[in-house]
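Position in the sequence shown (first residue = 1) + 57 = the working numbering.
Note that beta-carbon positions come from the ideal geometry of N, C-alpha and C, so glycine has one too.
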Amino acid sequence: MDTLALQESKDWNPRSMGMKLLLLSVLALCMTIPSFFVSDLASERSQAAVHGAAAAQNTPSSRLPIRTVDSYRSVTRSLKYVLLFLGLVFLTYFVFEATTGTRVHPAQYVLVGTAQLIFYLLLLSLAEKVGFDWAFLIAGGATVALLSTNAGWIFAGRSQGWRALAVFGPLYMLIYLLLRLEDDALLIGAIMSFLAVAAAMYFTRRIDWYSARSGKEKVKAGSGPEFFQGLV
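Laid out in structure tokens, this is it:
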């Protein structure tokens, strides 16, 4: 694999990982911006569907069955948790990176975040055809498979891919419960966040974040400024 994407453990620098964690936090915030466009698209298509159904049935839109707009409403609600979703996925990859010593390029994190955003587009488009529940199952299953396979590629091991599957599978199930159990959504979201941070603390407990680089890093010529070289 590309030596810029993956490095041996001896070149791994916990101090640069601290900077990368900050970078990932900013990246997660930036990647929530496209979700607003998906939210607007969902709202527009929801209104068009309601008016179209009302005109076809000669029925006021306020008297249409709740099932008519439930799928769009569920997709819109899911977009409210996009930052939490991105943050948990990024945190999972970061913990994998910190515990395995395999270095991941920020561009690969961008691809992971892009896959998350495309998940919402799949969810919206499929919900129009098969309903929200089946749409979440199909889109979520495809995204979990993609992210887990990608983890196996990045961390150069099938076992890492299975571990990622064991993390992302339950994560998407919890997100689904978060969307369906509206009355307890805040409680579930708070518990998920707490457990995620607790897990990150546990798995990174032996890392000395102030330790110096154990070996001299080999950087390919023309790979970018020193600041970004320390983050990749």
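Contact check for G170 against V201 fails: the beta carbons are separated by 7 Å or more. Under the Cβ criterion (8 Å, minimum of three pairs), the stretch 227-247 counts as touching the stretch 190-210. Taking C-alpha positions only, K137 is separated from P163 by approximately 25 Å.
As summarised for the stretch 186-212, the continuous alpha helix (DSSP H) elements at least 4 residues long and confined to that stretch are 189-211, given in chain order. Separation of L183 and S92 (C-alpha to C-alpha, rounded to the nearest whole angstrom) is 17 Å. Each of Y229, L84, L222 was checked against the Cα of L168, and the nearest Cα belongs to L84. DSSP, reduced to helix, strand and coil, places V167 within a helical segment of the structure shown. By the neighbour-count criterion, in which a residue is buried when 16 or more other Cβ atoms sit within 10 angstroms of its Cβ, G198 is exposed. Counted as a single uninterrupted DSSP element, the alpha helix (DSSP H) harbouring R215 occupies residues 215-237. Linking L204 to Y233 through their CA atoms gives a straight-line distance of about 17 Å. Taking a 10 Å sphere around the C-beta of A213, we find fewer than 16 other C-beta atoms and assign the residue as exposed. The beta-carbon separation of L231 and I245, rounded to 7 Å, stays under the 8 Å limit for a contact. Here DSSP, grouped into helix, strand and coil, assigns G144 to helix.
Boundaries of the alpha helix (DSSP H) around G246: 242-260. Non-local beta-carbon contacts of V139 in its own chain, meaning distances under 6 Å to residues more than five positions away in sequence, involve T89, S92 in chain order.
In this model, T157 and F94 are separated by some 36 Å (Cα to Cα). Exposure of A255 is indicated by the presence of fewer than 16 other C-beta atoms within 10 angstroms of its C-beta.
The beta-carbon separation of F176 and A208, rounded to 16 Å, does not stay under the 8 Å limit for a contact. Contact check for Q165 against L143 fails: the beta carbons are separated by 7 Å or more. Here Y129 is buried, its C-beta having at least 16 other C-beta atoms within 10 Å. In terms of CA proximity to W219, F153 leads the group F153, A257, R262.
Nearest C-alpha to L141 among L252, R263, A223, M258: L252.
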